[in-house]
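Asks: Before I ask anything, here is the structure I am working with.
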Amino acid sequence: MIDFEKDQQQVMSKTENIQSLADQVERLESLQKRLELQQENLKNTKKEFEHLSGEVIPTMMSEMGLSHLKLIDGSSVDVKPHYSANISVANREAAFNWLRNNGLGDIIKNEISVSFGRNEDNKAADYAALAQERGYQPTQKLKVEPMTLKALVRERIEAGKEMPTEIFNVFIGNKTTIKRKQ
4 MIDFEKDQQQ
14 VMSKTENIQS
24 LADQVERLES
34 LQKRLELQQE
44 NLKNTKKEFE
54 HLSGEVIPTM
64 MSEMGLSHLK
74 LIDGSSVDVK
84 PHYSANISVA
94 NREAAFNWLR
104 NNGLGDIIKN
114 EISVSFGRNE
124 DNKAADYAAL
134 AQERGYQPTQ
144 KLKVEPMTLK
154 ALVRERIEAG
164 KEMPTEIFNV
174 FIGNKTTIKR
184 KQ
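Every number in our numbering is 3 more than the matching position in the sequence shown, counting from 1.
Shown next as structure tokens:
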């Protein structure tokens, strides 16, 4: 015998579950839109911050002949040079050659690694002891740590030494820092 009342209760239960699911999907979409707006706002705020810190305040202070300003509340405003640099793939060989030719090759990290498959622990141990005699081909990676490169660029430029800006994609700007009174 068919129990229409029981069947109707099951249909109602499923309908409530579907509505609950739909509500949660709408909630997720709303949160996603909010998150996208917040990320866009953060991006715009960062641009405005960098513009004020790197251009507006340094220009104004430079025009006034200032690089440091102490405020009444004990806080201070400083404008200092900001350096950034990186080595692009296209310039890698030229950059490494320049570093070596100028006695700076020691900042180049030289990593060699070899990959082994599963259950090849014995081969890995053999390789560690007899790498090239076994015929394995290591992967070599040369790199300069970004902070090391940034420090090198800053030191050389401030000392008036040669630094090929085009090879190292050097950017020199200003940065404003505010120190609050403790």
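Quick reminder that beta carbons are idealized off the backbone N, C-alpha and C, glycines included. Predicted model only: the values in this text are computed from it and were never measured.
1. How about M64 and S70: are their beta carbons less than 8 Å apart?
2. Less than 8 Å separating the beta-carbons of I170 and N94?
3. Starting from the Cα of Y86, find the closest Cα among S79, V92, T168 and give me that residue.
4. If you compare alpha carbons, which of T179, G176, L152 is closest to A88?
5. Quickly, what does DSSP pair Y86 with across the bridge? List them, please.
6. Apart from the five residues on each side of it in sequence, which residues of its chain come closer than 6 Å, Cβ to Cβ, to K146?
7. Entirely within the segment 54 to 132 and at least 4 residues each: give me those alpha helix (DSSP H) ranges in chain order.
8. Between A98, D129, Q185, which lies nearest to V173 when the distance is taken from Cα to Cα?
9. Reducing DSSP to helix, strand and coil, say where I160 ends up.
10. Please confirm whether I160 and I181 have their CB atoms less than 8 Å apart.
Replies: With the structure as the only source:
1. Translated into positions along the sequence shown, residue 64 becomes position 61. Translated into positions along the sequence shown, residue 70 becomes position 67. Yes, Cβ-Cβ distance for M64 and S70 is below 8 Å.
2. Stepping through the sequence shown from its first residue, residue 170 is reached at position 167. Stepping through the sequence shown from its first residue, residue 94 is reached at position 91. Yes. Within cutoff.
3. In the sequence shown, counting from the first residue as 1, residue 86 sits at position 83. Of S79, V92, T168, the residue nearest in Cα terms is T168.
4. Taking the first residue of the sequence shown as position 1, residue 88 is located at position 85. Ranking T179, G176, L152 by Cα distance to A88 puts L152 first.
5. Stepping through the sequence shown from its first residue, residue 86 is reached at position 83. Answer is I175, bridged to Y86.
6. The count along the sequence shown starts at 1 and reaches residue 146 at position 143. For K146, where only same-chain residues beyond five positions count, the Cβ hits under 6 Å are K112.
7. 60 to 66, 95 to 104
8. One-based indexing of the sequence shown puts residue 173 at position 170. Of all alpha-carbon atoms in A98, D129, Q185, the one lying nearest the alpha-carbon of V173 is that of A98.
9. Walking along the sequence shown from the start, residue 160 turns up at place 157. Reduced to three states, the DSSP call for I160 is helix.
10. On the sequence shown, position 157 is the one that residue 160 refers to. On the sequence shown, position 178 is the one that residue 181 refers to. Not closer than 8 Å, so no.
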